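Right, one structure below, let's go through it.
Residue numbers (the numbering used here): 53 to 234.
So this is what it looks like as structure tokens:
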């Protein structure tokens, strides 16, 4: 597979072409670049090759995700590092109706890594100056997630990186989330 992708890239295949239209919408692949598709299918050697050849880790799909956010959700540190080296936006947060429907609005790469309790990934993202005081649409911050789960190591890491220990949920759905007991 890697050899085929390499041949296509050598023949000047476009790395930013993505499907669109009704059929792509029906298949939920609108905006999937080759990089996003490789990431989704966990073909990490292809991902690294595409990144080296200039694929954009910040290309946004119709549903508001990017290859970098997907890498953060998968939590493979090598792939995350490759995305950052290729210019990934550490603080990109999805927004919009589709992101709302998927409950990913406001969730940055750091937020995703915190959800997965991946100390190594969180530490790496912080070392690359990811913002630690971000909040999702429910007003939840990475520190709040760690405190709630009891992950002392991540709490210490985030606080050491400047996370606001007095941060309170704020956002369009923070009050609704609080009233629901979440």
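The C-beta atom is built at its ideal place from N, Cα and C for all residues, glycine as well. This one's a predicted model, so the numbers in the text were calculated from it and none came from an experiment.
Query, Result
"Status (buried if at least 16 other CB within 10 Å, exposed otherwise) for residue 187", "buried"
"Rounded distance between the beta-carbons of residue 171 and residue 142, thought under 8 Å", "Not really, about 17 Å apart at Cβ, beyond 8 Å."
"DSSP three-state assignment for residue 198, whether helix, strand or coil", "helix"
"Close Cβ partners of residue 126 (< 8 Å) along its chain, the five nearest in sequence each way excluded", "91 and 94"
"For residue 166 and residue 101, the rounded distance between their alpha carbons", "27 Å"
"6 Å CB neighbourhood of residue 231 in its chain, flanking five on each side removed", "With a pLDDT of only 42 at residue 231, under the threshold of 50, the placement of this residue in the model should not be trusted, and no figure is reported."
"Buried versus exposed, by CB contacts within 10 Å (16 or more), residue 53", "exposed"
"For residue 139 and residue 88, the rounded distance between their alpha carbons", "15 Å"
"Coil, strand or helix - residue 128 by DSSP", "coil"
"Status (buried if at least 16 other CB within 10 Å, exposed otherwise) for residue 106", "exposed"
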